[in-house]
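S.K.:
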Amino acid sequence: MFIKYDEYELLELFQSEPVSITGNIDDGELIYTYKDDQNFKVILTLDVYQQTCSLSITFNDSKVFTGDLNNVTSIKKDDKVMVINVGEEEKLKVKFYKQVGVELL
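The working numbering numbers the first residue of the sequence shown as 277 and each following residue consecutively.
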């Protein structure tokens, strides 16, 4: 199994290419980073084949939110929102609006 996602959708949300942790993008261990004008930073770390992800949101380098998810089945974009699914359930939403936000479901 692996995490199903559209890399172009994540590219749209994060506005940058992912960085490979191992140096080989095909290994599926990736870091996506986004920083807005108000100094909020979102860091999403994926292990596509282990089906895990870590999410960190900081403001002025102070942690606002951190979370680790296991058994992640998919990540989808809905307008300016990233939705992370565990099993068949939506578990987390990250909102890329004027101010970054997170919603636990």
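Even for Gly, the Cβ is constructed at its ideal location relative to N, Cα and C. Since we're looking at a predicted model, the values are computed, not measured.
Rounding to the nearest angstrom, what Cα-Cα distance links VAL295 and TYR310 in this structure?
M.R.: Stepping through the sequence shown from its first residue, residue 295 is reached at position 19. Stepping through the sequence shown from its first residue, residue 310 is reached at position 34. Whole-angstrom Cα-Cα distance: 12 Å.
S.K.: How many whole angstroms separate the CB atoms of LYS367 and VAL357, which I take to be in contact at a CB cut-off of 8 Å?
M.R.: One-based indexing of the sequence shown puts residue 367 at position 91. One-based indexing of the sequence shown puts residue 357 at position 81. With a Cβ gap of about 13 Å, LYS367 and VAL357 do not count as contacting.
S.K.: Look at the Cβ atom of VAL324, then the Cβ atom of ILE360, and state whether they are nearer than 7 Å.
M.R.: Here the question's residue 324 lines up with position 48 in the sequence shown. Here the question's residue 360 lines up with position 84 in the sequence shown. In this structure, ILE360 does not lie closer than 7 Å to VAL324 by Cβ.
S.K.: Return the CA-CA distance between GLY343 and GLN327, expressed in angstroms with no decimal places.
M.R.: Counted from its first residue, the sequence shown places residue 343 at position 67. Counted from its first residue, the sequence shown places residue 327 at position 51. Distance between the alpha carbons of GLY343 and GLN327: 14 Å.
S.K.: Who are the Cβ neighbours of GLU364 in its own chain at under 8 Å, not counting the five residues just before and after it?
M.R.: Counted from its first residue, the sequence shown places residue 364 at position 88. Result list for GLU364: THR349, in chain order.
S.K.: Out of LEU322, ASP354 and LYS374, which one is the CA nearest neighbour of ASP303?
M.R.: Numbered from 1 along the sequence shown, position 27 holds the residue referred to as residue 303. Checked all of LEU322, ASP354 and LYS374; the closest Cα to ASP303 is LEU322.
S.K.: Starting from PHE278, follow the beta strand (DSSP E) in both directions and report where the run begins and ends.
M.R.: Here residue 278 refers to the residue found at position 2 of the sequence shown. Taken as a continuous stretch (DSSP letters only), PHE278 belongs to no beta strand (DSSP E), as it is neither H nor E.
S.K.: For the putative contact between VAL376 and ILE307, defined by C-beta atoms under 8 Å, what is the C-beta separation to the nearest angstrom?
M.R.: Position 100 of the sequence shown, counting from 1, holds the residue named residue 376. Position 31 of the sequence shown, counting from 1, holds the residue named residue 307. About 17 Å separates the two Cβ atoms, so there is no contact after all.
S.K.: Using a threshold of 7 Å, state whether the C-beta atoms of LYS353 and LEU289 are closer than that.
M.R.: Looking up residue 353 in the sequence shown gives position 77. Looking up residue 289 in the sequence shown gives position 13. Their beta carbons are under 7 Å apart, which means LYS353 touches LEU289 by this criterion.
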